[in-house]
Structure formats: structure tokens, C-alpha cells
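*Asks:*
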Amino acid sequence: MHTLVESFVLKETAERRCSYIELIADGPQSPSVLVDIAWGDSLKDVMSAVECFAEATALRDSSVLFLDAVSYNQHEVKLDLAQDGGLKDGKVGNFRSHEECVSMLFVVGELDGMNRIWRMQGLESAVRFGQPVYLACATGVLAATVPFPGGYSVFGTIDSAMAESLLKTRVGEAGASDQEDKRAILEWFAQGDGVSRFEHRLQRWAAGPILRAAAAADDDAKISAICRVPGLLLGCPSLRGGLGESALHVAAANGASKALRFLLAAGMDPNPGDGFQERPLHYAALAGKVDAAALLLAARADPLCESQFGETALEVAQQSPAGFLCVDTAEVVALLRRVAAQGCDSGDFPTTCSCVVL
């Protein structure tokens, strides 16, 4: 984005010394979405993130986006910031551009892209204004505060490395081109909920992609660390993926026994439905993971639960839809048939059912 401003915006606006939007727009417009970026982000990544956001939220073509690179006068940035209300006489206030927009989209292209003090101020402002906050990379968008239409919190794929960078973000270590700006923003944080609460909020937002990646890798230590994030609830819908899958679904599909044991011991419901009402037991059946299926049954997963398509886990295993990938579901079929033959239901596990041997 820095290259875009240097090689295009400043040259195009040199004669009038105005913002690029002033140069091309018919008149003043109220922004629908404020798009916050890191200047090191590539234009390609920014536009990919915006496209994902537009699709996820069914954004109208007529919606107005506020992008500082083209909306602020790059010849007089400090003056524009002061006029926008954000920084005046060494004090940080409320940006009119933040207040007037309907929602705020933060593009995280670089791994440490959020580690800038003004970006943190923008995130905190959005929360204080009660606006929907979205975090995006080139491959997907996370609805941080308000779910997308349909109830999901993820569209596309969220890079777990991006989520890790959010998890490690610390306000005191944030970069700033002007240390006086940083001092003023730290004072502004102190007048609100404080720095630690902001950092814990970021950690909760980042938890979903990291938790699912850890479940896939059977990394119970990482899962344990995420579960210690203050205010995190394992059953929270915001922790689910783009198909409505929980970390338990992911662990079951990957046969991740350590992850399954930890998540179940931590109190996760063994029967959560994804967007198609498929349960973790369905995922284990599809992937032929008999040990995962046994663990779920022992934790009172219900083998009679049906998906949106009216299929139980046994029926999924019998169909073996992943057989062309050399996935063998025979052992899962045998296990679930024993459960069905003995008339076991979810109330029998784990103490009285002889079908499951762990």
C-alpha cells in the first residue's frame, strides 16, 4: 500500500493537493465500512480480503468503503487526522470516520500487521462504539463481534499464523512512527477498559483458528494454552470454522486422540452439530477413525443423531464416501453395528456399555 500511495496517489493528487477520493468523487459520502490496513500489506491481499468480506456479508455494490490511503489527504495526513477528530493537541479522541461507518474491517496481511499502535486504537474504538468488527486475510474473514448472516463466524479459511500473531499482540510492544502518538494512545487506553482487557479480547478472537489447527495436529499442549485465555468458552460459536465445525469435529476427523480426550475432559459437548448437523461421530465415521469414534461414544456421543440429510454415523461409515481416497471405514462400521445390536444409547456410556473398549 505504501508503494500505491508513493507511485500513484501522491502523483495523481499533486496539483490539487487533496485526497484521491476528493479528486474522483462527485461529493461527500458517508462510509459504510472502514477498511483498516497495514501499509506493508500488498494491494492484492487487501483487495482479496475485501472481496471475501463483501461476499460473506452480502455487501451491496453501492456501499462506500473508507480506506485511509485514498480517503485522507496524503499531502497533509496529520492535518486530516486532526480534522477527523482522532488526534488534536496531543490528545486522542474519537474519529468521525470511525463513528460514521456501520462496521470496521481490519485486514491482517502481514504476520505482525496488527502490531501497530494506531491499528489497536481503531480496534478498541470499534468495540467502544459497538460496531461489528471483522478481521480478514487474503483467504477468509473472521466475524469477531457479530456473526455473519446465517450465524457463522468464519468465511473461507483463516490463516492460523495470522491468528497466532493476534494471540501474541501486546499494546506496550506496538510499533509507532511517532512515540508521542503512542504515549497519547496509551493514555487513551487507560481511560477505557485498559490494555489487558483489549489483549484478552484479541486472544479470544484468535482462538478459533488456533484451536482447530491444534486439534488437527493432536497438540493437546496448545489446546490447553488456548483454554487458559481469560473469558474463553469452548462452546462459543465464534470458535467454529467456516462449515460450522468445532475443534471436536476436527479432532475426530483426524483421529487426534489426545486432543479429543482433552476437549471432552474440558467439558465440550460430544454432540455439537456443524452447519449440516453432522456431529463429531459423523466425522470420525467418514474418516474411518475407529479410536476417535470409541472415545466419542465413551463420552456419551449419541450414535442415533442424524445429519441434515437424515444419516446416522453408521450410515455414513457404511457408505464410505471417502473410499476413493483409500479411507477404510470397516472398523468404524463394526463398532457402530455392535452399538446398534446391543441397543446402546447415549445414556449407557461410559460405564455400562460393553461395546466400547478403550
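Residue numbers (our numbering): 9 to 366. The beta carbon of each residue, even a glycine, is placed where N, CA and C say it ideally should be. Just so we're clear, the structure is a prediction, and the values are computed from it rather than from any experiment.
Output the distance between the C-alpha atoms of phenylalanine 284 and serine 315, rounded to the nearest integer angstrom.
*Replies:* The residue you call residue 284 lines up with position 276 of the sequence shown. The residue you call residue 315 lines up with position 307 of the sequence shown. So the two alpha carbons sit approximately 6 Å from each other.
*Asks:* Should valine 179 and phenylalanine 206 be called a contact, given that it needs their Cβ atoms to be closer than 8 Å?
*Replies:* Translated into positions along the sequence shown, residue 179 becomes position 171. Translated into positions along the sequence shown, residue 206 becomes position 198. Yes, Cβ-Cβ distance for valine 179 and phenylalanine 206 is below 8 Å.
*Asks:* Would DSSP call alanine 144 helix, strand or coil?
*Replies:* As a position in the sequence shown, residue 144 is number 136, starting the count at 1. Reduced to three states, the DSSP call for alanine 144 is strand.
*Asks:* Quick test of the definition: if touching needs 3 or more C-beta pairs under 8 Å, does the stretch 44 to 64 touch the stretch 90 to 99?
*Replies:* no
*Asks:* For the alpha helix (DSSP H) that valine 13 lies in, which residues bound it at each end?
*Replies:* Residue mapping note: residue 13 aligns to position 5 of the sequence shown, counting from 1. First-last for valine 13: undefined, no H or E at that position.
*Asks:* Which residues mark the beginning and the end of the alpha helix (DSSP H) in which phenylalanine 197 is found?
*Replies:* In the sequence shown, counting from the first residue as 1, residue 197 sits at position 189. Start and end: 187 to 198.
*Asks:* When you compare only the Cα positions, how much space is there between valine 100 and isoleucine 193?
*Replies:* Looking up residue 100 in the sequence shown gives position 92. Looking up residue 193 in the sequence shown gives position 185. Using only the alpha carbons, I get a separation of about 6 Å.
*Asks:* When we look at the beta-carbon of glutamate 23 and count the other beta-carbons within 10 Å, is it buried (16 or more) or exposed?
*Replies:* Locating residue 23 in the sequence shown gives position 15, where the first residue counts as 1. With fewer than 16 other Cβ atoms within 10 Å, it is exposed.
*Asks:* Mind checking whether valine 237 and arginine 212 have CB atoms under 8 Å apart?
*Replies:* Here residue 237 refers to the residue found at position 229 when the sequence shown is read from its first residue. Here residue 212 refers to the residue found at position 204 when the sequence shown is read from its first residue. It is a contact, given that the beta carbons lie within the stated cut-off.
*Asks:* Touching or not, the stretch 256 to 263 and the stretch 214 to 229, by the rule of three or more beta carbon pairs under 8 Å?
*Replies:* yes
*Asks:* Taking all protein chains shown into account, do 16 or more other C-beta atoms lie within 10 angstroms of the C-beta of glutamate 319, making it buried, or fewer, making it exposed?
*Replies:* Translated into the one-based positions of the sequence shown, residue 319 becomes position 311. Buried: at least 16 other Cβ atoms inside 10 Å.
*Asks:* Can you have a look at phenylalanine 61 and say buried or exposed, based on whether 16 or more other CB atoms are within 10 angstroms of its CB?
*Replies:* As a working mapping, residue 61 is identified with position 53 in the sequence shown. Buried.
*Asks:* Count the C-beta pairs between the stretch 101 to 109 and the stretch 133 to 153 that are closer than 8 Å, then say yes if the count reaches three, no if not.
*Replies:* yes
*Asks:* Report back the beta-carbon spacing between alanine 146 and alanine 57 to the nearest angstrom; my notes put them in contact at under 8 Å.
*Replies:* Here residue 146 corresponds to residue number 138 of the sequence shown, with the count starting at 1. Here residue 57 corresponds to residue number 49 of the sequence shown, with the count starting at 1. With a Cβ gap of about 6 Å, alanine 146 and alanine 57 count as contacting.
*Asks:* Just checking my contact of leucine 131 with phenylalanine 114 at CB under 8 Å: how many whole Å lie between their CB atoms?
*Replies:* Indexing the sequence shown from 1 puts residue 131 at position 123. Indexing the sequence shown from 1 puts residue 114 at position 106. The Cβ separation is near 6 Å, so the contact holds.
*Asks:* If you draw a straight line from the alpha carbon of methionine 158 to that of glutamine 187, how long is it in whole angstroms?
*Replies:* The sequence position of residue 158 within the sequence shown is 150, counting from 1. The sequence position of residue 187 within the sequence shown is 179, counting from 1. In the sequence under discussion, the amino acid at residue 158 is glycine, which differs from the methionine named in the question. The straight-line gap from Cα to Cα measures roughly 43 Å.
*Asks:* Contact defined as beta carbons within less than 8 Å: I believe alanine 338 pairs with alanine 295. What is the distance between those atoms, to the nearest angstrom?
*Replies:* The residue given as residue 338 occupies position 330 in the sequence shown. The residue given as residue 295 occupies position 287 in the sequence shown. At roughly 13 Å, the Cβ-Cβ gap does not stay under 8 Å, so alanine 338 and alanine 295 are not in contact.
*Asks:* Name the residue from Ala306, Asn123, Ala77, Ile32 whose alpha carbon lies nearest to the alpha carbon of leucine 42.
*Replies:* Residue 42 sits at position 34 when you count from the first residue of the sequence shown. Cα-wise, what sits closest to leucine 42 is Ala77.
*Asks:* Compare the C-alpha of valine 298 against each of Leu322, Ile125, Leu312 and name the closest.
*Replies:* One-based indexing of the sequence shown puts residue 298 at position 290. Closest in C-alpha terms to valine 298, from the list Leu322, Ile125, Leu312, comes Leu322.
*Asks:* CB-CB under 8 Å to threonine 359, same chain, minus the five flanking residues each way: which ones, in chain order?
*Replies:* By one-based count along the sequence shown, residue 359 stands at place 351. Bear in mind that the predicted position of threonine 359 carries a pLDDT of just 38, short of 50, making it too unreliable to give a figure here.
*Asks:* If I'm right that alanine 307 touches leucine 344 with Cβ under 8 Å, what's the distance once you round it to whole angstroms?
*Replies:* Counted from its first residue, the sequence shown places residue 307 at position 299. Counted from its first residue, the sequence shown places residue 344 at position 336. So it is not a contact: roughly 15 Å between Cβ atoms.
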